[in-house]
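For reference, the structure is listed below as structure tokens.
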Amino acid sequence: MIVRPRPRGIEYFLVLHGSILPTIWLKLTLTVVTAVLVTLAHGALFHVKVILTPMPFNLMGLALAIFLGFRNSASYERFWEGRKLWGALMVTSRDLARQFESFLHPAGGGEDEAAELAHTRHRMTRAIIAYAHALRHHLRGSDPGPDFDRLLPADWRPALAHAEHRPAAVLQRLGGELRLCIERAWVAPILAQEIDRSFSRLGEVLGGCERIRSTPIPFSYSVLLHRTVYVYCYLLPFGLIDTIGNFTPLVVGIVAYTFFGLDAIGDEIEEPFGTTANDLPLSALSHAVEADLRELSGEGCTPPSPKAVNYCLQ
Amino acid sequence: MIVRPRPRGIEYFLVLHGSILPTIWLKLTLTVVTAVLVTLAHGALFHVKVILTPMPFNLMGLALAIFLGFRNSASYERFWEGRKLWGALMVTSRDLARQFESFLHPAGGGEDEAAELAHTRHRMTRAIIAYAHALRHHLRGSDPGPDFDRLLPADWRPALAHAEHRPAAVLQRLGGELRLCIERAWVAPILAQEIDRSFSRLGEVLGGCERIRSTPIPFSYSVLLHRTVYVYCYLLPFGLIDTIGNFTPLVVGIVAYTFFGLDAIGDEIEEPFGTTANDLPLSALSHAVEADLRELSGEGCTPPSPKAVNYCLQ
Amino acid sequence: MIVRPRPRGIEYFLVLHGSILPTIWLKLTLTVVTAVLVTLAHGALFHVKVILTPMPFNLMGLALAIFLGFRNSASYERFWEGRKLWGALMVTSRDLARQFESFLHPAGGGEDEAAELAHTRHRMTRAIIAYAHALRHHLRGSDPGPDFDRLLPADWRPALAHAEHRPAAVLQRLGGELRLCIERAWVAPILAQEIDRSFSRLGEVLGGCERIRSTPIPFSYSVLLHRTVYVYCYLLPFGLIDTIGNFTPLVVGIVAYTFFGLDAIGDEIEEPFGTTANDLPLSALSHAVEADLRELSGEGCTPPSPKAVNYCLQ
Amino acid sequence: MIVRPRPRGIEYFLVLHGSILPTIWLKLTLTVVTAVLVTLAHGALFHVKVILTPMPFNLMGLALAIFLGFRNSASYERFWEGRKLWGALMVTSRDLARQFESFLHPAGGGEDEAAELAHTRHRMTRAIIAYAHALRHHLRGSDPGPDFDRLLPADWRPALAHAEHRPAAVLQRLGGELRLCIERAWVAPILAQEIDRSFSRLGEVLGGCERIRSTPIPFSYSVLLHRTVYVYCYLLPFGLIDTIGNFTPLVVGIVAYTFFGLDAIGDEIEEPFGTTANDLPLSALSHAVEADLRELSGEGCTPPSPKAVNYCLQ
Amino acid sequence: MIVRPRPRGIEYFLVLHGSILPTIWLKLTLTVVTAVLVTLAHGALFHVKVILTPMPFNLMGLALAIFLGFRNSASYERFWEGRKLWGALMVTSRDLARQFESFLHPAGGGEDEAAELAHTRHRMTRAIIAYAHALRHHLRGSDPGPDFDRLLPADWRPALAHAEHRPAAVLQRLGGELRLCIERAWVAPILAQEIDRSFSRLGEVLGGCERIRSTPIPFSYSVLLHRTVYVYCYLLPFGLIDTIGNFTPLVVGIVAYTFFGLDAIGDEIEEPFGTTANDLPLSALSHAVEADLRELSGEGCTPPSPKAVNYCLQ
């Protein structure tokens, strides 16, 4: 995610990082070169004058408006739903920190039991932190090993290392811990229910993120949209040459920039869990979960949170 | 669902599988042939010159934009809601696996009871897997027999084989199992409530999928939309011939491709539980439920998950 | 609701039942006749040439696009929300069947008590079926008497017959039955809570359906929309006559068909609980509730479900 | 709210009450007068010919479409959310009537206690009715005194009369009654929780209505929108005069009617709790709550519900 | 937030405060000056006649409509979600006041215990008030010190002063208080669960507000939108000069006013927690929470609520 103060006036034209230009420069250049060639040939192709008045572009524009408008909303909704899911992860993590504080009491009152409970609470808190990191690694296909080593008890690690689905496995382990608390009578069943619901909400975050990652906007739709944008932009010079003559490449360049740009941004934010400039800063978010949980549970030693590099936070 | 890496640039024009072209080639060809005939006849029909300037197409385009824009959003919403429901199925299945782990305890502590409980837990887990498969078969009208044979206890099968509504019957059975757990005091009532809620959520998934399958976008709407698209595309040559002459068939082809294409994709994803290229991969999703539940409950032996054939996952 | 296999190609033009044409043929004919008269008079009205270029129609078209686009979405949302509510009714009914199975246990264990409980469960199940029918009758203003006679105990009927608000009264009775179960200790309070929630959801369905039925899209809006559509269609010939001459009636007919059609469909689905072709099949839905509940509770004797007459399901 | 059978055909042009015309006739007349003057002067202003072709109106129309389309949806959503909130109020009131019936039992079984409980139940039911009326008075700034006198116990009234926030105070009192029921063991804690949730939902209705009433669409937005509509309508004659001559006032009138009308309806339904023709019928709704609760709790004596005056229900 | 009676007719043109004009006057002036220069030079730039017919602006207008329409909705949704979150804060605070009243009972009945409970209730109520203020300070980056000093017990303050995340820390403290109530048996576990849920809802408000504040609309999108608006407005004179001559600056001014204005309002309400004219009145809202809670819990001494200065409420 690009993190920077909002530019003002002319600055908007100088921004390069965070602009979509680097992604589309090639096709944009090709389009403009085509437009220049068409202008030089006065709209003739192999000595046949191509007459395309602006009219066809109004007709195509209709379809294009529907395509791009819809695509744009759908992609942004996916992006924003992804952010909402990670927001719910953060909220629920904090809820769990509070619930561990409010709901878990030693049953008898012995010293040993209190220590054991404190230890369990500590283990569960860390498992939740590990869950946030595991979700990030799961979505980005990276290795959760180092984070697991840092955060999980040694006896959990071997099984988790072999699990197909690590975040689900961590959550299942948390269910085991809850079972222990119930068996030891550290928590009233009714309050165990509430903790279980928070676990369920963590599971919903996982399911929601997997849904967004595994189910793109239908492929046929994508194909149709791209083809229309390309055809539109490459034919445009023929439609303009008779009306605005030498200014054709300029106008084609501007129009192609907006359409290719809109399309490319849609491509980026449709799958918001990657590491491109407009994706969600999952590293920063999972570290925020860690920082918050460590502060709320009274632990210190939060690892440094990731910094924006070149205005870009991952 | 088409599963493939995103094409780049020119590749988009070479993709055939996953494109909507195979579905609409016939009407597209007919439209272009009409346009060619109109061009050859210079817009005259039975020696009467048909004068349709572009203007009527702007007026019709207005209605068309409303129709297609709305239809498009409504269909995608149905597709996406279908996916959300299956996502909820997966999330809830995992929740149940965790809840069986956390909430079910032997009441007394005898060896026998523990074994019996383990057996019940096993039976319930498998019934949930069977539920996912039953839902798929229910939506696609296929036979759940083999999956039931694999997963359900022998004494359940005869009744289920005769049930009108199999997924609901499986869920009812799960309710019976829960009753057993309550009667044996294996689960506190408050925690039984939570498991029942997960069952209710499974029931919501079923109800939601049935709603999408049984209630299409109002038929009159569909008729009106199709008629307008057809009339628009077949009359278009008469509107263009006087302006762009011999390039009429080209432009008609492009415009008809986008409109017929948009319409055909809408038709496909409006009912997302079928087996066409853009439908949801229910087989893969129900197998993912099976794989996750087997891993979380410590069983192995997951049957191989379906692979994408020709980039298409069912 | 029209229930039929999707037509293909030319079939779309032959469909009559389910088309909106029968509803709008009068005004459509009037519009076309007007267009013919205008064409014959070459656009002169009482010997005054009316000059309306296409331009005013572009301006009006702007407002019309907003009106129709919005109206269309709002009506469809109402239709779809109505369907969702009936879907929730079905899901919750099944949930209740399962909850009666899981949650209700004889307190003591005597034979008599078990029989009494079975009887109560039976009565409650039938009351839920009666609720679904009562809701349909309530929304359509028909008489629930026969269904109540079939389904409710004799001693409930007199009071219900005089109730102003019958579905609410049935639900209140169900609350009384739940009270009985609590008093007899047939259900743990925590599980009674869950059943009560299902009742509340049934109440939400009722409230939601009443909301849709009693609160149409604001009337002023409707008036403004209809006036604009009429004025647009009747003035259109004057705008086209100078450009496309004799083809004016054809184009006016097509444009008027789409606009009047869109408007008429909106009118139909805005209030989706009636009995016109595009309304929700409440009879079929309430019978589906009955069939499912009878199957799940092990009763037979489901009355035959309504069949589509002339492709139309009510 | 206008309550009347849907007009048909020509009737739509004769409707006055419920039309937006009475609200906008002044500005509409001014616009038409301007158009007549411009037509008489042939588009010259102080002897300077003002050349505004239709083109600028296409450009402005773009912004206008965004403005009006957005404004329109946002206002309707507010209207509809308001209706949903009042629907939730009705549903929750009925839920509470049912819950008082199901959940409240005398602890001991003495005659006195039963009478006391009946009395408390009666008091609580009436307090809920009073809450509905109080909400209406709160939103419309009217005096809840007479309704409170009718419905609340004498010892509650003085404190409520001085409360800043009366609906919240009534709800707080209901909380006090619930506390009494818990202390007297008339209700199991778990079922008290459910009643408390219904109270919370009543509180959500209050909060939601206050939100809609206190937070209009951002003022700057409103200003920008109104200015654009005015400028558009007053400049329009200059854009049309050269194309359609003497028909300018007619077209300007029609266009201005749709734009001013759309704008005025938006203004009305944006704040749906007032007493103008398109506002929600809060009086009728709160009386419906009263009627339902009196019927469900077995009390008679419902005061007559308000009737539509001149098709308008308040 | 601008709080003022709705202007009427001509007043809309006189409003300055609350208009977006002060924000955009500079770029608007520059655009109009450019238009004047272009008009004086008759569209020639360095003696080269720039021919840009209106056509390119129709094409660009298409992209612009998508951009601005989408941006506009997205920003308003963020604004409205922010308001909803603060509404939920208010509703939940009142719920908690009611729940403290209904659910907390002295366990034994001794005088001391009652006093202690009253004291705890008082402390918790004030902590909720402090939470509302802390959230405002957190979102606006201001210092919560004075409000904490006013509202929180002396022994909480040092830890909170050093907390990274103060609202979360206050909520964690509230969890500690709830733990105390459970340990002292002042609250049944089931009712503690309900209070904990209200705390979770407070946490959701916090998480939601943080999400809106920390995740703007993707930066690339913003850049693309601004560039298109600028290019459009600065090139517009070249497109109009040949059609409307000397009236070019007027039309450019009007069009640029609407586009820059729409853009600037979007910028303002996209991040609705600041202190500009269209932002949410967080000070007023958090004081309303304080006033309501003090009234409901029977405390007086509400500090005066902030007044609108120059029609603007912060």
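Chains as they are written, first to last, in this note's numbering: chain A, 1 to 314; chain B, 1001 to 1314; chain C, 2001 to 2314; chain D, 3001 to 3314; chain E, 4001 to 4314.
Note that CB positions come from ideal geometry on N, CA and C, so glycine has one too.
Residue burial classification, K1307(B) (beta-carbon count within 10 angstroms, cutoff 16): exposed
Per DSSP, the bridge partner or partners of H3017(D): According to DSSP, H3017(D) bridges with S3019(D).
Secondary structure of A1185(B), DSSP reduced to three states: Three-state result, A1185(B): coil.
Within chain D, partners of M2055(C) - CB distance below 8 Å: P3054, L3240, T3243 and I3244
Alpha-carbon to alpha-carbon, R1071(B) and S1382(B): Residue numbering for chain B in the displayed model covers 1001 to 1314; residue 1382(B) lies beyond these limits and cannot be assessed.
Within chain C, partners of A3041(D) - CB distance below 8 Å: By Cβ distance, chain C contributes nothing, its closest Cβ being about 19 Å from A3041(D), past 8 Å.
Helix, strand or coil at K4319(E) according to DSSP, with G and I counted as helix: Here chain E has residues from 4001 to 4314 only, and residue 4319(E) is not among them.
Buried versus exposed, by CB contacts within 10 Å (16 or more), N2278(C): buried
Three-state class that DSSP yields for C4233(E) in the structure shown: helix
Classification of S2269(C) by the beta-carbon crowding that lies within 10 angstroms, buried from 16 upward: Residue identity check: residue 2269(C) is Ile in the sequence provided, not Ser. Looking at its Cβ environment, which holds 16 or more other Cβ atoms inside 10 Å, I2269(C) is buried.
Beta-carbon contacts of F2057(C) that lie in its chain and below 6 Å, excluding the five residues immediately before and after: G2239
7 Å Cβ cut-off: residues of chain A touching R1094(B): A168 and G203
I4129(E): first and last residue of the uninterrupted alpha helix (DSSP H) it sits in: E4111 to R4140
Cutoff 6 Å; reference V2229(C); Cβ partners in own chain excluding five residues on either side: F2259 and D2263
Chain A within 8 Å of Q4099(E), Cβ atoms only: no
Residues sharing a beta bridge with K1049(B), DSSP: A1044(B)
A4185(E) to E4113(E) span [Cα, whole Å]: 11 Å
Cβ of Y4257(E) within 8 Å of any chain A Cβ: no
Stretch-stretch touch, CB-based, cutoff 8 Å, three pairs: the region 4216-4232 of chain E with the region 4089-4104 of chain E: no
L2224(C) at chain B interface by Cβ criterion, 8 Å: no
Proximal residues to L4104(E) (C-beta, below 7 Å), its chain only, five neighbours per side dropped: Excluding sequence neighbours, L4104(E) sits near L4117, R4121, C4181, W4186 and V4187.
Buried versus exposed, by CB contacts within 10 Å (16 or more), C1209(B): buried
From T2248(C), A2291(C) and P2054(C), residue whose alpha carbon lies closest to that of D2031(C): First, the residue type needs correcting, since residue 2031(C) is Thr and not Asp in the sequence shown. Measuring from the Cα of T2031(C), the nearest candidate turns out to be T2248(C).
S283(A): first and last residue of the uninterrupted alpha helix (DSSP H) it sits in: L282 to L296
Short CB-CB distance (under 8 Å) between M4124(E) and chain D: no
Residues of the region 1048-1079 of chain B whose Cβ lies closer than 8 Å to any Cβ of chain A, in chain order: P1054, F1057, N1058, G1061, L1064, A1065, L1068, G1069, N1072, S1073, Y1076 and F1079
V1003(B) - DSSP class collapsed to helix/strand/coil: coil
Exposure of A1115(B), with buried meaning 16 or more beta-carbon neighbours within 10 Å: Classification for A1115(B): exposed.
Buried versus exposed call for R3008(D) [16 or more other C-beta atoms within 10 Å across all chains shown]: exposed
From P3005(D), L3293(D), T3275(D) and F3100(D), residue whose alpha carbon lies closest to that of V3151(D): As written in the sequence, residue 3151(D) is Leu, which differs from the Val given in the question. Taking only the C-alpha atoms, the option nearest L3151(D) is L3293(D).
Minimum C-alpha distance to P4153(E) - residue among H4138(E), H4165(E) and I4128(E): I4128(E)
Three or more C-beta pairs below 8 Å linking the region 200-207 of chain A and the region 77-91 of chain A: Taking a contact to require three or more Cβ pairs closer than 8 Å, the region 200-207 of chain A and the region 77-91 of chain A qualify as touching.
Under 8 Å between C-beta atoms of I1265(B) and I1020(B): Less than 8 Å divides the Cβ of I1265(B) from the Cβ of I1020(B).
Rounded distance between the beta-carbons of A3097(D) and S3305(D), thought under 8 Å: Going by Cβ atoms, the distance from S3305(D) to A3097(D) rounds to 18 Å, so no, they are not a contact pair.
Beta-ladder partner(s) of E2312(C), from DSSP: The sequence as given places Cys at residue 2312(C); Glu does not occur at that position. In the DSSP output, where bridge partners are listed per residue, C2312(C) has I2002(C) and V2309(C).
Buried/exposed call for F148(A), threshold 16 Cβ in 10 Å: The residue in question, F148(A), is buried, as its Cβ has 16 or more Cβ neighbours within 10 Å.
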